[in-house]
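Let me begin by presenting the structure, written as structure tokens, before commenting on it.
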Amino acid sequence: MSDFFVTETDTPRILPGVSLTGSTYDVFGDDATNDSAIFQIFDWSKAEWGTTEINGTEYRIPKLMNAEGVAGSEYVSIYGNTVEEYQQSLAASVAVSGSNMFFSGSLETQFGSSSMRRSENAFSRVEQVVKLWSIGLPPSKKLRELLSGSFLEALDGLPAAASTSEEQAEYKGFLDTWGAFYLSGMLIGGKTLFTSSVNKLTVDRTLSISVTADLSYKSVTGQISNEDKIKYASQLSQFASSSNTVKNAFGGNPALASRVFDGRVQYDEWSASVAQNPVIVRFDGTRPLTGVWTLCSTPERGKILESYFDDKWAPARSLELSHFPDVVDDLTVVVGNDDQPPVPDGYTKDDYDLNRHAGGKFIYLCWHKVPVSGLRKPKRVLQAMQVIYNGDKVPDGYSKINVDLNQGAGGDDVFLCMKQGEYGTDENILDVRVIGGNDSFVPAPYGYKTLPGDLNKGAGGDYVYIAYAN
Numbered sequence: 251m252s253d254f255f256v257t258e259t260d261t262p263r264i265l266p267g268v269s270l271t272g273s274t275y276d277v278f279g280d281d282a283t284n285d286s287a288i289f290q291i292f293d294w295s296k297a298e299w300g301t302t303e304i305n306g307t308e309y310r311i312p313k314l315m316n317a318e319g320v321a322g323s324e325y326v327s328i329y330g331n332t333v334e335e336y337q338q339s340l341a342a343s344v345a346v347s348g349s350n351m352f353f354s355g356s357l358e359t360q361f362g363s364s365s366m367r368r369s370e371n372a373f374s375r376v377e378q379v380v381k382l383w384s385i386g387l388p389p390s391k392k393l394r395e396l397l398s399g400s401f402l403e404a405l406d407g408l409p410a411a412a413s414t415s416e417e418q419a420e421y422k423g424f425l426d427t428w429g430a431f432y433l434s435g436m437l438i439g440g441k442t443l444f445t446s447s448v449n450k451l452t453v454d455r456t457l458s459i460s461v462t463a464d465l466s467y468k469s470v471t472g473q474i475s476n477e478d479k480i481k482y483a484s485q486l487s488q489f490a491s492s493s494n495t496v497k498n499a500f501g502g503n504p505a506l507a508s509r510v511f512d513g514r515v516q517y518d519e520w521s522a523s524v525a526q527n528p529v530i531v532r533f534d535g536t537r538p539l540t541g542v543w544t545l546c547s548t549p550e551r552g553k554i555l556e557s558y559f560d561d562k563w564a565p566a567r568s569l570e571l572s573h574f575p576d577v578v579d580d581l582t583v584v585v586g587n588d589d590q591p592p593v594p595d596g597y598t599k600d601d602y603d604l605n606r607h608a609g610g611k612f613i614y615l616c617w618h619k620v621p622v623s624g625l626r627k628p629k630r631v632l633q634a635m636q637v638i639y640n641g642d643k644v645p646d647g648y649s650k651i652n653v654d655l656n657q658g659a660g661g662d663d664v665f666l667c668m669k670q671g672e673y674g675t676d677e678n679i680l681d682v683r684v685i686g687g688n689d690s691f692v693p694a695p696y697g698y699k700t701l702p703g704d705l706n707k708g709a710g711g712d713y714v715y716i717a718y719a720n
């Protein structure tokens, strides 16, 4: 990121964070990090400067900015039962209007693409912030006078309308290059991040996943009471074994930051070092990000740029960066004389034998999944299933998998039928599982529904059903 500061070694020194204030910011990148700043669009060397005292130290700061010491520490937790819910919760945590998937870039960093594609995963984030001071840049007509020459030329060079494809291409190029918002309110200090993708099917759900995530974070940083550590030992252990967790610390002494999750002593040592190397840790205030359209020469020109962002550019970026779990697009059944029948390439076999305890052939359900993104929607996915017996008619719109699921075990002839259709409705099936037991009532895993119809009907052995998640 380019800026206009010659030095920060003056006496008194410039308040850390001032050089970042007013930078344009990638709202589809990581949230509240120096790395997502794009370009310093203000030439603060032209501004009138003053001094302010923060936490007992005097600093220099442009008079158009305000700063306040806010020492302390606080937690923030974000949770989503699905990757879509998590994205929405993360975007809603920042005071930026609209329903776009802001800060989608942080998901790839914190969870990884493979975790986000698994429908059985929930997503949690625990953030602890060590606060030092806040910096704000209130709206002012004087700000336009401080714009850098290159940014001002690009802003004023936009067409007077965004109606034609050529005009819209210029607006798109501007936003692609410069970004749509500049930093106008942020908290400076240090922070720790504890982000987890959690298997909802295997984690202990005595407590909510978000509560267990909070306890897990406090455990590794030594901030949990001995009573709670003993009381929730089982939940903490299961959370650790059922989740993939990424731990990061930002700001402070790098060597101490690398040990911050080793216990309370290490956390306190890092926390005490934050003032040596403070960074942006959170957006702050009611207007932490301000649209660059507020800097246009007239309100009318600003409205054109804002409307293009709201109606065209942001929705397109949201669609491009949206994350979705994989969906099931096909089912098949494999049969063999042992528990290792050949499985078609790309398919996953459920290890529960559909003839379990009934004799006969070894029969297994297999499924195939396809990835989904905002720009890539599969044309055919699994939307419904139905079990039929003996000579029952195949339901309209369904196709029958022509394998008797009781093959070699006697009992009824049992067949599975499936309905496939175009992606885009709540009927899409994200996952299937085979469940069974010695009682006719077999509870489905958390978040799953049971498909009516015993796959072992009339053959003895286990009661066997298919469970599925939409």
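Okay, so the sequence shown: first residue is 251 according to my numbering, each after it adds one. The C-beta atom is built at its ideal place from N, Cα and C for all residues, glycine as well. Because the structure is a prediction, the values reported are computed rather than measured.
Looking only at DSSP bridge pairs, what is residue i linked to?
i    : result
F665 : I638
Q290 : S273
I438 : W383 and I530
Y713 : G687
A719 : D681
P312 : W299
F431 : Y275 and G541
G330 : F373
E324 : V379
N449 : N371
I264 : R310
E318 : S384
F424 : Answer is none; F424 lacks a bridge partner.
Here's the rule I'm using: 16 or more other beta-carbon atoms within 10 Å means buried, otherwise exposed. How should residue i be labelled?
i    : result
K611 : buried
A564 : buried
P575 : buried
V583 : buried
V326 : exposed
A608 : buried
K599 : buried
G267 : buried
G641 : exposed
V515 : exposed
S557 : exposed
S356 : buried
L270 : buried
D681 : buried
A505 : exposed
V256 : The predicted position of V256 is uncertain, since its pLDDT is 38 and thus under 50; no value can be drawn from it.
S434 : buried
Q360 : buried
L705 : buried
T462 : buried
Whole-angstrom Cβ separation of residue i and residue j, contact assumed at under 8 Å?
i    : j    : result
V637 : C616 : V637 to C616, Cβ: 17 Å. No contact.
Q337 : M315 : The pair is not a contact, with the Cβ atoms about 32 Å apart (cut-off 8 Å).
V379 : E324 : 6 Å
L382 : A525 : 6 Å
N720 : I685 : Incorrect: roughly 16 Å between the Cβ atoms, too far for contact.
Q485 : T456 : 6 Å
V531 : Q488 : The Cβ separation is near 31 Å, so there is no contact.
V714 : L632 : About 19 Å; that fails the 8 Å criterion.
A404 : F424 : 6 Å
I385 : I438 : 6 Å
L451 : P695 : 5 Å
Y432 : V542 : 6 Å
Can the beta-carbon of residue i be found less than 8 Å from the beta-carbon of residue j?
i    : j    : result
I459 : K468 : no
Y698 : Y673 : no
F353 : D281 : yes
T274 : W428 : yes
V664 : K707 : yes
V470 : F500 : no
D646 : H618 : no
N449 : E335 : no
W299 : K313 : yes
V333 : F278 : no
V496 : T445 : yes
L555 : L408 : yes
I613 : L655 : yes
H573 : M366 : yes
I291 : G272 : yes
L604 : M635 : no
G535 : G440 : no
In chain order, each beta strand (DSSP E) run of at least 3 residues that lies wholly inside the region 663-708: Within the region 663-708, the complete beta strand (DSSP E) runs of at least 3 residues are 664-671, 681-687 and 699-701.
Runs of beta strand (DSSP E) wholly within the region 489-562 (minimum 3 residues, chain order): Complete beta strand (DSSP E) runs here, min 3: 493-500, 529-533 and 539-541.
With a floor of 4 residues, list each alpha helix (DSSP H) that falls wholly inside the region 336-413, ordered by position along the chain. The region 336-413 contains these whole alpha helix (DSSP H) runs: 355-361, 363-366 and 399-406.
Quick check on the DSSP output: what are the complete alpha helix (DSSP H) runs of length 4 or more inside the region 563-649, in order along the chain? Runs of the alpha helix (DSSP H) inside the region 563-649: 564-571.
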